[in-house]
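> The structure under discussion is supplied below as structure tokens; questions concerning it will follow.
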């Protein structure tokens, strides 16, 4: 297995060598006004090399296995795991693989009440890793994801989906939810202040990606994180997981250093329990690698927020603001968690459980740690989503959060 890669690692002769190959097939379908505007087919194969020989090294991309890296002095370098195992996981999900030959079962589903815009991505990815410590692994992962935005004159709605299986219901249901959100009309004005807010799974995906980045040991070490180990950073109802062993997009059995992955709670019942570590940072934190390398920056593979015990409809029963979607999330202070993000699409005001109108341009201008602590309830319903402003795969409920500061743009 991976014979050419094994030979290359042996020939470059370093005390630390990691050779990672990624092969990818991708189809991207762009939708404009309910019609297919473009279909792009892409095929890529590339190598990443980490090589340390004495006090010199190379860390970067090489074009092929004929390229000999030029070494330079290094101070910081990846450490491969002492793992002499072979690992092979072959997934052949025919529901997705068949789309590479025939897209008609997917394209026939593109029907919408309102003009529809969006992107659908179909991926077939293979990762292979060979190290100087004896690890030799290869695995693949197929996935489909997409987002749909519908426009009803001045109003709009958006929804997204992601899965390792292609199912017509995923596409139909996502388009239906986008249409339902766009169908809520009527304008309603609010003033700047604090409101009880429901964050949709799309908003949760955007914000949880920021939380996951801050859970990286590199972010913590460099002062770019609001998280401190053992500190209460969220509500008792809030648990955030990294789940590379579930059947989800971007689930992998080994990391970039040859450490086997495992599911873990990053934040458990509001307490930050697990910084994400590679081998280099494990020495700094005096804790084993969590199987999240990144040769430099450890990161989560995919995310999950545990569900609550309340229905989404019950969450809507009070006086609150529902936020369908956000973008332009920016942090003013990473160490404290101060941030802002702009609401887009259906931002709906509810009075006594009934929608009374859609708010214009508003912004969440608050503290992310405070928002996590102010989670009152999470819905039983959860959705697997991935889209361009939340590219990390995740499974999320709706979240009811009290006293969220909204500013009027």
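In UniProt numbering, the protein residues as written are 1 to 409. Every residue gets a Cβ at the ideal spot worked out from N, C-alpha and C, and that includes glycine.
Rounded to a whole number of angstroms, what is the C-alpha to C-alpha distance between residue 206 and residue 391?
Residue 206 and residue 391: Cα-Cα distance of roughly 8 angstroms.
> Quick check: the Cα distance between residue 200 and residue 324, rounded to an integer number of angstroms?
One C-alpha to the other measures close to 5 angstroms.
> How many Å lie between residue 71 and residue 43 at the Cα?
Using only the alpha carbons, I get a separation of about 30 angstroms.
> Could you pull out every residue in the same chain whose Cβ sits closer than 8 angstroms to the Cβ of residue 226, ignoring the five residues on either side in sequence?
214, 233, 334, 335, 336, 337, 368 and 369, listed in sequence order.
> Would you mind listing the beta strand (DSSP E) stretches within the stretch 155-242 that are 3+ residues and don't spill past its ends, in chain order?
List check, beta strand (DSSP E) in window: 155-163, 193-199 and 240-242.
> Could you tell me which of 84, 167, 148 and 406 sits nearest to residue 160, measuring between CA atoms?
If we check each option's Cα against that of residue 160, 148 comes out closest.
> According to the neighbour-count rule (16 or more other Cβ atoms, all chains shown, within 10 Å of its Cβ), is residue 136 buried or exposed?
Per the 10 Å Cβ criterion, buried.
> My parser needs the beta strand (DSSP E) runs of 3 or more residues fully inside the stretch 302-333; what are they?
Counting only runs of 3 or more, we get 303-305 and 320-333.
> Would you call the stretch 312-323 in contact with the stretch 375-383, where contact means no fewer than 3 C-beta pairs closer than 8 angstroms?
Yes, since at least three Cβ pairs between the stretch 312-323 and the stretch 375-383 fall closer than 8 angstroms, the two stretches touch.
> To the nearest angstrom, report how far apart residue 113 and residue 237 are at their CA atoms.
Their Cα atoms are separated by approximately 37 angstroms.
> Between residue 275 and residue 23, what straight-line distance do the alpha-carbon atoms span, to the nearest angstrom?
Near 29 angstroms, if we compare the C-alpha coordinates of residue 23 and residue 275.
> Answer yes or no: does any C-beta atom of chain C fall closer than 7 angstroms to that of residue 187?
The chain labelled as chain C is not found in the depicted structure, where only one protein chain is given.
> How should residue 122 be labelled, buried or exposed, when 16 other C-beta atoms within 10 angstroms of its C-beta is the threshold for buried?
Buried.
> Would you call residue 266 buried or exposed, if buried means 16 or more other Cβ atoms sit within 10 Å of its Cβ?
That one is buried.
> Measure from the alpha carbon of residue 252 to the alpha carbon of each residue in 87, 54, 41 and 52, then state which is nearest.
When each option's Cα is compared against that of residue 252, the closest is 87.
> Report the start-end ranges of each beta strand (DSSP E) in the stretch 62-99 that is 3 residues or longer and not cut off at the edges.
Segments of the beta strand (DSSP E) lying fully in the stretch 62-99: 86-89.
> Can you round the beta-carbon distance between residue 210 and residue 329 to whole angstroms, since I take them to be within the 8 angstroms contact cut?
Yes, residue 210 and residue 329 are in contact; Cβ-Cβ is about 7 angstroms, under 8 angstroms.
> Within the same chain, show all residues whose beta-carbon is closer than 6 angstroms to that of residue 140, passing over the 5 residues directly before and after it, in chain order.
So the list reads 91 and 126, once near-sequence residues are dropped.
> Can you name, in chain order, every residue of its own chain whose Cβ lies under 6 angstroms from the Cβ of residue 280, other than the five neighbours on each side?
Taken in chain order, the residues that qualify are 79.
> Residue 277: buried (16+ other C-beta within 10 angstroms of its C-beta) or exposed?
Its Cβ being crowded by 16 or more others within 10 Å, residue 277 is buried.
> What is the C-beta distance between residue 120 and residue 146, in whole angstroms, given that I count them as a contact (C-beta under 8 angstroms)?
Yes, residue 120 and residue 146 are in contact; Cβ-Cβ is about 4 angstroms, under 8 angstroms.
> By the DSSP assignment, the alpha helix (DSSP H) with residue 259 in it spans what residues?
Neither: residue 259 is in no alpha helix (DSSP H) and is coded neither H nor E.
> To which residues does DSSP link residue 56 through a beta bridge?
Beta-bridge pairing links residue 56 to 53 and 73.
> Only counting the same chain, and skipping five residues up and downstream in sequence, which positions put a Cβ closer than 7 angstroms to that of residue 254?
Counting only Cβ-Cβ distances below 7 angstroms, and skipping sequence neighbours, we find 87, 129, 137, 260 and 261.
> Short check: CB of residue 222 to CB of residue 299, under 7 angstroms?
No, they are not a contact pair.
> In terms of residues, what are the limits of the beta strand (DSSP E) holding residue 359?
Element bounds for residue 359: n/a, residue is neither H nor E.
> With 16 as the cutoff for other CB atoms within 10 Å, does residue 170 come out buried or exposed?
Its Cβ being crowded by 16 or more others within 10 Å, residue 170 is buried.
> Can you look up residue 402 in the DSSP assignment and give me helix, strand or coil?
Three-state DSSP puts residue 402 in a strand.
> Tell me the residue span of the beta strand (DSSP E) that contains residue 131.
Here the beta strand (DSSP E) through residue 131 covers 116-131.
> Following the continuous beta strand (DSSP E) through residue 29, name the residue where it begins and the one where it ends.
Counting along the chain, the beta strand (DSSP E) containing residue 29 begins and ends at 16-32.
> What is the DSSP secondary structure of residue 11, reduced to helix, strand or coil?
DSSP places residue 11 in helix when its eight states are reduced to three.
> Given a cut-off of 7 angstroms, decide if residue 178 and residue 155 are closer than it, judged by their beta-carbon atoms.
The answer is no: Cβ separation not under 7 angstroms.
> Hey, out of 268, 239 and 272, whose CA is closest to residue 220's CA?
Among 268, 239 and 272, the Cα nearest to that of residue 220 is on 272.
> Apart from the five residues just before and just after residue 109, which ones in its own chain have a Cβ nearer than 7 angstroms to its Cβ?
168, 171 and 172.
> Report back the beta-carbon spacing between residue 396 and residue 204 to the nearest angstrom; my notes put them in contact at under 8 angstroms.
Contact holds; Cβ gap of about 4 angstroms.
> Could you compute how far the alpha carbon of residue 189 sits from the alpha carbon of residue 332?
Residue 189 and residue 332: Cα-Cα distance of roughly 27 angstroms.
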